[in-house]
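Asks:
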Amino acid sequence: MNVSVMQENLARGLGIVSRAVSSRATLPVLANVLLKTDNNGLKLTATNLEIGINCWVPGKLEGEGEITVPAKLLTDLVASLPNQRIDLQLSTKDRTLKVTCGGSRSSIKGIDADEFPVVAAIGDAPATSVDSRALREALGEVVFAAATDESRPILTGVLTKLAGDRMTLAAADNYRIAVRNLTVTQPVGAETSIVVPGRSYAELMRILPDAEQQIDITITPNKSQVLFHVEGIDLVSRLIEGQFPNYEPVIPTAHSSRAVVDREAFLAGARRASIFARDSANIVKVEVAGDGSSEVSITAHAADVGDNSDVLEASVEGQATTIAFNARYLIDVLSNLGADEAALELSGPLAPGVIRGIGKDDYVHVIMPVRTAS
Amino acid sequence: MRSILHADLDAFYASVEILDNPSLRDKPVIVGGDPNARGVVSAASYEARKFGVHSAMPLRTARRLCQNGVFLPGRFSRYNELSRQVMALFASYTPLVEPISLDEAFLDVTASRAAFGDGEAIARRIKDRVLAEIGLVVSVGVATNKLCAKVASDLRKPDALVAVPPGGEAAFLAPLPVTRLWGVGPQARQALADYGVTTIGQLAALPEATLRRRFGIHGAELRLRAQGVDPSPVVPTHVPKSVGHEITFDHDVTDPARLEATLLDLAESVASRLRRHHLAAGGVQLKLRYEGFDTITRQAPLGHQARESEPMYELGVALLRRALAPDRAVRLIGLTAINLSEAQQLTLFDAPEQNDRITASIDAVRKRFGDAAITRARLIGHRDRRRPDFGMRPDAPSDEREP
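In order, the protein sequence lines correspond to chains X and V. Going by my numbering, the first sequence opens with residue 1, and the numbers climb by one from there. Going by my numbering, the second sequence opens with residue 1001, and the numbers climb by one from there.
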């Protein structure tokens, strides 16, 4: 096999697939990237057994072949080369990849491609398609709310429900939940629900182009894997088995007070309060003044440190309410919410707090409060 | 002028043993456990102290020093019971009782003087009644602040009553060694010795600028203390700053799985005590002592306030995996809940009532039958002898001592 590619294209491809390379591989071959010739060019593949990424690099191909080489070594080498033509030459006999670029010649010892796990190419027709940019935005408002600790594995995933022309994404970590709806471009036949690991979606967000491009979503019939395909790239993810908690009943349908605040100002206030809240369990208090007033204040108090208070301009309806939150949850939603103004809806100090974007009916975020002594 | 008492039961655990078994009177009684095993002395009677035995000393050393010592394992529920009686007696003189541990408390009797006489008279009454009604000897220091009262009670133990006259605080402290002051440990003692300072009086005379240079902001504080100034109030409801447990292994442990199982055990006890105090932890501290006694502590915040064992255990394990030096044998492991508050993060999906009922039942069984009565299946056969932490600092009291 002889392949000629441009350094820029190869570096980009390696950058994409190396996200799936196992950093602490139990199998040595998982630290490698698979290079294989196929009809669409040079195919690069990496997997950590949870996700697998294929990326096709355009180039001139002669003959067939495949090999795996250490991903980090190849990525670092290619990154160091000038943006010129790179010639890759595979010698199957001694399992070595020769890399030539201008006057630079390297050879990299590899592992047989046979030892590399098969990253499934899911052949069936896609379940649906969705606009790349819309999906990226939606994921950005949801994925951060998924749990990162493994005590309840189902909560490390993002519920992805397809029904008609609607896709619903929901993520929760038992203290907060984010739910986002978006429209798919190709209506779904049968209603389907899968739970995609939050980490897989985080990788997908990095790969998705910020452009109006279609992304095809295909689910294996046994619901064990999902494939996202966008021009030149596949991302395959394992799915999480189990029942996602029924979240609909925990989303409040009414409220006793509501404040509309500038999102950036609210975020800045929460950030400042969190500096003071570090030593007091990250707890900040949000006080919504009652009807007729136009203030929301965020305060933090740490016995040995001091205190801080930010008063925000707001339009307020309903009763005066004071509620305590973990500052991190406020910061997370306010920094990811795609709206200029945020509405905070409360129903008392121990009831879930709701955050929505103004002019944005497709999103709801719920944060559970902290019960404090005072 | 305030009137503050510091009351401290003499050789408390050992005295309780003698109280319940008078044949032990005049014998060197050492509470802590089997002298041939690992572990340290929890308390030593004054007879035993004559041999050089003191608390926190390894039991084996105590045995060597005191061949004829009576070594007892300790009956913490009994100590608790008597401690409650003593504290209740204190409370009959003032509502402002701040327990520091099972055997020690500060009392602010400023407002009680009209009814009972001056601080010294109240101290006398308390000493007489604790002996007559409970059968224990308490040493009491009387002063205008907590610092001097504490130093005073400790000065002529056992059976002491030392009163520092108002205005005489600095003179009272002046001849005493600097280590009597809160916050002066071996390092500060050494640093002060460099200036030729060994007594509190010499420390009080050092220029503030010198102390600031050497000790930073604590320098000024140190000087005030040396002059006998301590404005800290007696805080009646004692909220612990941390709640911890630790285990000294009978044989050094290298198996990480064994250490992790032990952490689960510790996390359960710590969580149970947090719940009893209606507190939640904002972070966890792991303590490891290797063979050869070098000790490390590592701490990290929990994502949210927790009073259940699982998140504390998981964070403890994460800290352990990061901190544990490979191939080094561990002698002691401890887990402490830190950044305590009464705040509790509410949850979306758990039925809190159900979880609370389970943990409440576990707590009730433990309270009645002891910590070992109910445990997780994976801990069966893995439980080690454990002690609550004894890391007592007068200015930051740890939780009360319990089994």
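For glycine and all other residues, C-beta sits at the position ideal for the given N, C-alpha and C. Please read these numbers as outputs of a predicted model, since none were measured by experiment.
Give the residues of chain V in contact with Tyr175 of chain X, contact being defined as C-beta atoms less than 9 angstroms apart.
Replies: Per Cβ cutoff of 9 angstroms: Gly1303, His1304, Gln1345, Leu1346, Thr1347, Leu1348.
Asks: Check whether the stretch 1105 to 1120 of chain V touches the stretch 1141 to 1154 of chain V, counting contact only when three or more Cβ pairs, one atom from each stretch, lie closer than 8 angstroms.
Replies: Taking 8 angstroms as the limit for Cβ pairs, the verdict is that the stretch 1141 to 1154 of chain V does touch the stretch 1105 to 1120 of chain V.
Asks: So, is the C-beta of Glu1260 of chain V closer than 9 angstroms to a C-beta in chain X?
Replies: No, its Cβ sits nowhere closer than 9 angstroms to a Cβ of chain X.
Asks: So is Ala1280 of chain V in contact with chain X if we call contact Cβ pairs under 9 angstroms?
Replies: So, interface residue.
Asks: Compute the distance between the beta-carbons of Leu267 of chain X and Val195 of chain X, then report whether it is under 9 angstroms.
Replies: Cβ distance not < 9 angstroms, so Leu267 of chain X and Val195 of chain X don't count as in contact.
Asks: Helix, strand or coil, according to DSSP, for Ala1193 of chain V in the structure here?
Replies: It is helical.
Asks: According to DSSP, is Asp38 of chain X part of a helix, a strand, or is it coil?
Replies: It is a strand residue.
Asks: Would you verify that the beta carbon of Glu1314 of chain V is, or is not, closer than 9 angstroms to some beta carbon of chain X?
Replies: Yes, because at least one Cβ of chain X sits closer than 9 angstroms to the Cβ of Glu1314 of chain V.
Asks: Round the Cβ separation of Asp332 of chain X and Phe144 of chain X to the nearest angstrom and send it over; I've been treating them as touching at under 8 angstroms.
Replies: About 5 angstroms separates the two Cβ atoms, so the contact holds.
Asks: Is DSSP giving Ala298 of chain X helix, strand or coil here?
Replies: Rather than Ala, the amino acid found at residue 298 of chain X in this sequence is Ile. Ile298 of chain X: strand per DSSP, three-state reduction.
Asks: Are there three or more Cβ pairs, one per stretch, closer than 8 angstroms when the stretch 1153 to 1166 of chain V is compared with the stretch 1128 to 1144 of chain V?
Replies: Cβ pair count under 8 angstroms is three or more, so yes.
Asks: I'd like the list of long-range same chain contacts for Ser4 of chain X, defined as Cβ closer than 6 angstroms, with 5 residues on each side in sequence excluded.
Replies: Only Gly59, Lys60, Arg85, Asp87 meet the Cβ criterion.
Asks: Assuming Leu235 of chain X contacts Phe244 of chain X (C-beta within less than 8 angstroms), just tell me the rounded distance between them.
Replies: Not confirmed; about 21 angstroms, so no contact.
Asks: Tell me, please, whether the CB atom of Met1001 of chain V is closer than 9 angstroms to any CB atom in chain X?
Replies: With 9 angstroms as the cut-off, Met1001 of chain V does not count as an interface residue toward chain X.
Asks: Can you give the Cα-Cα distance for Arg95 of chain X and Ser80 of chain X, rounded to whole angstroms?
Replies: Distance between the alpha carbons of Arg95 of chain X and Ser80 of chain X: 23 angstroms.
Asks: Under a Cβ-count criterion, where at least 16 other Cβ atoms within 10 Å of its own Cβ denotes burial, should Asp307 of chain X be classed as buried or exposed?
Replies: Looking at its Cβ environment, which holds fewer than 16 other Cβ atoms inside 10 Å, Asp307 of chain X is exposed.
Asks: Nearest CA to the CA of Leu14 of chain X: which residue from X:Asp210, X:Asn2, X:Thr75?
Replies: Nearest option by C-alpha distance: X:Thr75.
Asks: Mind listing the chain V neighbours of Ser193 of chain X? Cutoff is C-beta to C-beta under 8 angstroms, in chain order.
Replies: Simply none; closest approach about 17 angstroms.
Asks: Using the Cβ count rule (16 or more neighbours within 10 Å means buried), how would you classify Asp1399 of chain V?
Replies: Unreliable positioning characterises Asp1399 of chain V in this predicted model, as indicated by a pLDDT of 36, which lies under 50. The coordinate reading is nonetheless provided below. By the 10 Å Cβ count, Asp1399 of chain V comes out buried.
Asks: Excluding the 5 residues preceding and the 5 following Leu1065 of chain V in the sequence, name in chain order all residues of the same chain whose CB lies nearer than 6 angstroms to its CB.
Replies: Phe1051, Gly1052, Val1053, listed in sequence order.
Asks: Give me the Cα-Cα distance between Ala147 of chain X and Thr156 of chain X, rounded to the nearest whole angstrom.
Replies: Whole-angstrom Cα-Cα distance: 5 angstroms.
Asks: Report the rounded CA-to-CA distance for Val1178 of chain V versus Ala1205 of chain V, giving the unit in angstroms.
Replies: Taking the straight line joining both Cα atoms gives about 12 angstroms.
Asks: Could you give the DSSP three-state label for Leu1279 of chain V: helix, strand or coil?
Replies: Three-state result, Leu1279 of chain V: coil.
Asks: Sorted by chain position, which residues of the same chain lie with C-beta nearer than 8 angstroms to Arg1212 of chain V's C-beta, five sequence neighbours on each side aside?
Replies: Within the same chain, Arg1212 of chain V has close Cβ partners Gly1219, Ala1220.
Asks: Using a beta-carbon distance cut-off of less than 8 angstroms, what residues from the stretch 235 to 254 of chain X approach chain V?
Replies: Answer set for the stretch 235 to 254 of chain X: Pro245, Tyr247, Val250.
Asks: Just to confirm my understanding: we take Ala1174 of chain V, look at its own chain, exclude 5 residues before and 5 after, and list those with CB closer than 8 angstroms. What are they?
Replies: If we look at Ala1174 of chain V and ignore the five residues flanking it on each side, its Cβ neighbours are Thr1199, Ile1200, Gly1201, Ala1204.
Asks: What does Asp216 of chain X pair with, by DSSP beta-bridge criteria?
Replies: Answer is X:Ser129, X:His229, bridged to Asp216 of chain X.
Asks: Assuming Val316 of chain X contacts Ser347 of chain X under a Cβ cut-off of 8 angstroms, what Cβ separation, rounded to an integer in Å, is found between them?
Replies: Not really, about 15 angstroms apart at Cβ, beyond 8 angstroms.
Asks: For the alpha helix (DSSP H) holding His1218 of chain V, just list the boundary residues, first then last.
Replies: First-last of the alpha helix (DSSP H) with His1218 of chain V: 1217 to 1226.
Asks: Measure the alpha-carbon distance for Arg1307 of chain V versus Ala1280 of chain V and round it to whole angstroms.
Replies: Distance between the alpha carbons of Arg1307 of chain V and Ala1280 of chain V is about 5 angstroms.
Asks: Just to make sure I have the definition right: I need the residues of chain X whose C-beta is within less than 7 angstroms of the C-beta of Asn1339 of chain V. Which are they?
Replies: Those within 7 angstroms of Asn1339 of chain V in chain X are Asp279, Ala281.
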